[in-house]
Amino acid sequence: MNPDESTLASEPLDTLDEQLLLTVRNMHARLDPVPSGLTERIKFELTLAALHAEIAELQQLSPAGVRGDETTYAPTQSVTFTTSRLSLMVTVTAPSDDLLEEPAAQGTITVDGWVTIGGTVVELRVGDLSLTVTADEHGRFVLEGVPHGPGRFVLRPPGEGERPIITPSVEL
Amino acid sequence: MSIDSPTAGMPSADAAPTLTRRAAQAFTAYRDGERDWMGELVDLLTPVLWHTARGQRLDRSSAEDVVQTAWIRLVEHADAIQDPQAVLGWLVTTVRREAWRVLRQSGRAVPTDDLPEEPAGPSAARSVDAGTVDPALVAVLHEGQQQLWHHVKALPQRCQALLRVIAFVDRPDYAALSEALGMPVGSIGPTRGRCLAKLRAALLADPTWSPS
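Protein chains in written order, with this note's numbering: chain A, 1153 to 1324; chain B, 1174 to 1385.
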């Protein structure tokens, strides 16, 4: 290190240094950004860790819906999740069925579901919002007014000491 | 988010909550049972941890794993952290250790600052440099940033790693962060320290550089 650097090094930080570091920061943020979705993946991992939850597997995703005819324009999605303990089937309907001219992205959706264990408490997390419903004795449940966005289900089967089950995130 | 706001011109440590202090608040709330605050903490600190991992020359995929692991360790050990102000330093240290473990497992060279028993010479740092970026990417930088990039790349590896992380925290946090990165006391904060002095000298000597 030359004497100039020694002197520079022993001086207190000034505003030019802060400016330099800000430029360094902008450069790195531009050149090597935090991967998109990383913070969401971390939050999911932490939720899993906190719940000691089991992850359900995404079994089937049918964006076309069950009714094949072309007149059924409303986006319908059926999804099945499974674990060794239970299965969850959900169908997502946008209430634009009879309002075709309205963009489907506006407003909310309805989630109809069926879980193989009756009485399971079903929680749907979309963004910061959490909606909870208890499935009936046949395992049926309905969630209305669900916003669009990536969402995941947390299932708590009835009974003491049952581990919760969490699904991967699906676009609703 | 406020993390992106410039810290330049901040008159004193008490004027605005530093990253350390905001992290401490979120962590305290989390430990008091307000679990949603963990999400805030993740948003707040992940950029620093990402650049810590990348500064240790991990590739992007390994860096992701290491950052995720550090967060899971935090949740597992939340009760063991006595002082909430220490949470940022704790995470940075954990990322650094995990990065070191991954590099060692993969048989790659470990950054020299983790091997104090070896003399740290310029040749020791010239190993597989997975943390560098595609030179083509540098083209996306502004002209001033490109100049800066060349000067930063000329610094010793440990200085690059230090400045990269320091740039994402607030001034009162520099000394503690530098310590968490395994750098000697006085590397940065309250004085300029050697790394920043080198960069500043190089830039001031560059007639084409203008700090704007």
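Glycine included, C-beta positions come from ideal geometry on N, C-alpha and C.
Quantities reported herein were computed from a predicted structural model and do not represent experimental measurements.
1. How would you write the range of the beta strand (DSSP E) that Phe-1293 of chain A sits in, first residue to last?
2. Given 8 Å as the limit, is there contact between the segment 1191 to 1203 of chain B and the segment 1233 to 1246 of chain B, that is, 3 or more CB pairs closer than that?
3. Regarding Asp-1252 of chain B and the ligand COA, is the C-beta to nearest heavy atom distance less than 7 Å?
4. How big is the Cα-Cα spacing for Leu-1321 of chain B and Tyr-1347 of chain B?
5. In this structure, does DSSP put Ile-1245 of chain B in helix, strand or coil?
6. Pro-1220 of chain B lies in the alpha helix (DSSP H); which residues open and close that run?
7. Do Leu-1198 of chain A and Val-1248 of chain B count as a contact pair if the criterion is CB distance below 8 Å?
8. Does the segment 1155 to 1172 of chain A come into contact with the segment 1196 to 1205 of chain B, if we say contact requires no fewer than three beta-carbon pairs (one atom in each stretch) closer than 8 Å?
9. Suppose you measure from the CA of Gly-1212 of chain B to the CA of Gln-1241 of chain B; what does that come to, to the nearest Å?
10. Between Thr-1223 of chain A and chain B, is the shortest Cβ-Cβ distance under 8 Å, so that the two count as touching?
11. Comparing C-alpha positions only, which one of A:Gly-1311, A:Pro-1309, A:Arg-1315 and A:Gly-1303 sits nearest to Ser-1321 of chain A?
12. Are Gln-1333 of chain B and Val-1325 of chain B closer than 8 Å when you measure CB to CB?
13. What would DSSP say about Gly-1366 of chain B, mapped onto helix, strand or coil?
14. Please classify Thr-1284 of chain A as buried or exposed, where buried requires at least 16 other C-beta atoms within 10 Å of its C-beta.
15. If we define contact as Cβ-Cβ less than 8 Å, is Ile-1207 of chain A a contact residue for chain B?
16. Below 8 Å between beta carbons: does that hold for Ala-1340 of chain B and Ala-1272 of chain B?
17. By how many angstroms is the C-alpha of Ile-1318 of chain A removed from the C-alpha of Ile-1261 of chain A?
18. Could you compute how far the alpha carbon of Thr-1286 of chain A sits from the alpha carbon of Gln-1211 of chain A?
19. Assuming contact is defined by CB atoms lying nearer than 8 Å, are Ser-1239 of chain A and Thr-1268 of chain A in contact in what I supplied?
20. Give a yes or no on whether 8 Å exceeds the smallest Cβ distance from Arg-1270 of chain B to chain A.
21. For a test of the three-state rule: what should DSSP assign to Gly-1355 of chain B, helix, strand or coil?
22. Kindly list the residues whose CB is nearer than 7 Å to the CB of Gly-1301 of chain A, restricted to its own chain and excluding five residues on each side of it in sequence; keep chain order.
23. The alpha helix (DSSP H) with Trp-1419 of chain B in it runs from where to where?
24. Which residues, in chain order, does the segment 1209 to 1234 of chain B contribute to contact with chain A at a C-beta distance below 7 Å?
25. Can the beta-carbon of Leu-1350 of chain B be found less than 8 Å from the beta-carbon of Leu-1372 of chain B?
26. If you follow the beta strand (DSSP E) that Val-1274 of chain A is part of, which residue opens it and which one closes it?
27. Is there at least one Cβ from chain B nearer than 8 Å to Arg-1277 of chain A's Cβ?
28. Determine which residues share a DSSP beta bridge with Glu-1323 of chain A and list them.
29. Hey, is Glu-1187 of chain A's beta-carbon within less than 8 Å of any beta-carbon in chain B?
30. Where do the ends of the beta strand (DSSP E) carrying Gln-1265 of chain A lie?
31. Could you have a look at Gln-1330 of chain B and say whether DSSP puts it in helix, strand or coil?
32. Looking at the secondary structure, which residues open and close the alpha helix (DSSP H) in which Leu-1240 of chain A lies?
33. Strictly below 8 Å CB to CB, what residues from chain A border Gly-1206 of chain B?
34. Kindly list the residues whose CB is nearer than 8 Å to the CB of Leu-1377 of chain B, restricted to its own chain and excluding five residues on each side of it in sequence; keep chain order.
35. Just reading off the beta strand (DSSP E) that Val-1285 of chain A is part of, what are its end residues?
36. State yes or no: is the C-beta of Leu-1160 of chain A within less than 8 Å of the C-beta of Ala-1374 of chain B?
Walking through what the data contain:
1. 1292 to 1298
2. no
3. In the structure shown, the ligand COA is absent, as is every other ligand, since no ligand is present at all.
4. 21 Å
5. helix
6. 1210 to 1228
7. yes
8. no
9. 13 Å
10. Low per-residue confidence applies at Thr-1223 of chain A: pLDDT is 44, beneath 50, and the placement is therefore not dependable, though the value from the model is reported in the following sentence. So no, Thr-1223 of chain A is outside the interface.
11. A:Gly-1303
12. yes
13. helix
14. exposed
15. no
16. no
17. 21 Å
18. 23 Å
19. yes
20. no
21. coil
22. Val-1278, Gly-1279 and Leu-1324
23. Only positions 1174 to 1385 of chain B appear in this structure, which leaves residue 1419 of chain B out of reach.
24. Met-1211, Gly-1212, Val-1215, Asp-1216, Thr-1219, Pro-1220, Trp-1223, His-1224, Arg-1227 and Arg-1233
25. no
26. 1273 to 1278
27. no
28. A:Pro-1302
29. At residue 1187 of chain A the sequence reads Pro, which differs from the Glu that was named. Closer than 8 Å to some Cβ of chain B, the Cβ of Pro-1187 of chain A qualifies, so yes.
30. Note on identity: in this sequence residue 1265 of chain A is Gly, with Gln being the wrong assignment. 1261 to 1267 is the span of the beta strand (DSSP E), which, as asked, contains Gly-1265 of chain A.
31. helix
32. Careful: Leu-1240 of chain A lies outside any alpha helix (DSSP H), inside the beta strand (DSSP E) at 1239 to 1245.
33. Residues of chain A passing the Cβ test: none, with the nearest at roughly 12 Å.
34. none
35. 1281 to 1286
36. yes
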